[in-house]
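In what follows, a structure is listed as structure tokens, so that the remarks can point back to it.
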Amino acid sequence: METTGWTDRIRSFAEEREWQQFHTPKNLVMALSVEASELVEIFQWLTAEESATIMSTERGQAVRDEVADVMTYLLRFADVLDIDLDAAMAAKIEASAQRYTVEHSKGSAAKR
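Numbering-wise, my numbering puts 11 at position 3 of the sequence shown, and it's gapless, one number per residue.
And the structure:
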């Protein structure tokens, strides 16, 4: 996934409104947590079946909106801290592949 275009667009959006002063790592990670909690709230009391089909219900748009909010704050947070998300994700997936080999992890939710 290429994040650079979205990061640039979100940065410009913030700069045009002079919001950089508010976009400290602390404030951004707190906002990210709030938005993630709003996403969790949508699913809080759903059954497994209801959660699996939520996108075909009237709540589907709320899920899309909250996912977009989470992604926006994550991209802005990474931008402010100069984290290359593409490189970070590639490194994390490789580390996870080494930690959770197919031979030892297939079909298992156990942590290693």
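Each residue gets a CB set at the ideal place from its N, CA and C atoms; glycine is no exception.
The model shown is predicted, which means the values in this text are computed figures rather than measured ones.
* To do: Would you tell me roughly how many angstroms separate the C-alpha atoms of Val3 and Val75, rounded to the nearest one?
  => Because the chain is modelled from 9 through 120, residue 3 falls outside the range shown and cannot be assessed.
* Give me the Cα-Cα distance between Gln106 and Arg25, rounded to the nearest whole angstrom. => Here residue 106 refers to the residue found at position 98 when the sequence shown is read from its first residue. Here residue 25 refers to the residue found at position 17 when the sequence shown is read from its first residue. Distance between the alpha carbons of Gln106 and Arg25 is about 44 Å.
* Return the residue from the list Ile91, His112, Ala96 and Arg84 that minimises the CA-CA distance to Trp27. => If you number the sequence shown from 1, residue 27 lands on position 19. Nearest of Ile91, His112, Ala96 and Arg84 to Trp27, Cα basis: Arg84.
* Do Leu89 and Leu82 have their CB atoms nearer than 9 Å? -> Taking the first residue of the sequence shown as 1, we reach residue 89 at position 81. Taking the first residue of the sequence shown as 1, we reach residue 82 at position 74. It is not a contact, given that the beta carbons lie outside the stated cut-off.
* Could you work out which residue in Leu36, Arg19, Gly13 and Arg67 is closest to Val78 when comparing CA atoms only? => On the sequence shown, residue 78 is found 70 positions in, with the first residue counted as 1. Comparing Cα positions, the closest option is Leu36.
* Per-residue DSSP class, three states only, for Thr109 -> Walking along the sequence shown from the start, residue 109 turns up at place 101. Looking at Thr109 - three-state DSSP - the assignment turns out to be coil, as it is neither helix nor strand.
* Reducing DSSP to helix, strand and coil, say where Ala44 ends up. => The count along the sequence shown starts at 1 and reaches residue 44 at position 36. Correct three-state label for Ala44: helix.
* To do: Specify, as a first and last residue, the run of the alpha helix (DSSP H) that Arg84 falls within.
  => Your numbering for residue 84 matches position 76 in the sequence shown. Element bounds for Arg84: Gly68 to Val88.
* **Cα-Cα separation between Arg17 and Met97, rounded to whole angstroms** => Counting from one through the sequence shown, the residue named residue 17 turns up at place 9. Counting from one through the sequence shown, the residue named residue 97 turns up at place 89. Approximately 20 Å, taken between the alpha carbons.
* DSSP-derived helix/strand/coil call for Ser104 -> What you label residue 104 is simply residue 96 of the sequence shown in a count that begins at 1. Helix at Ser104.
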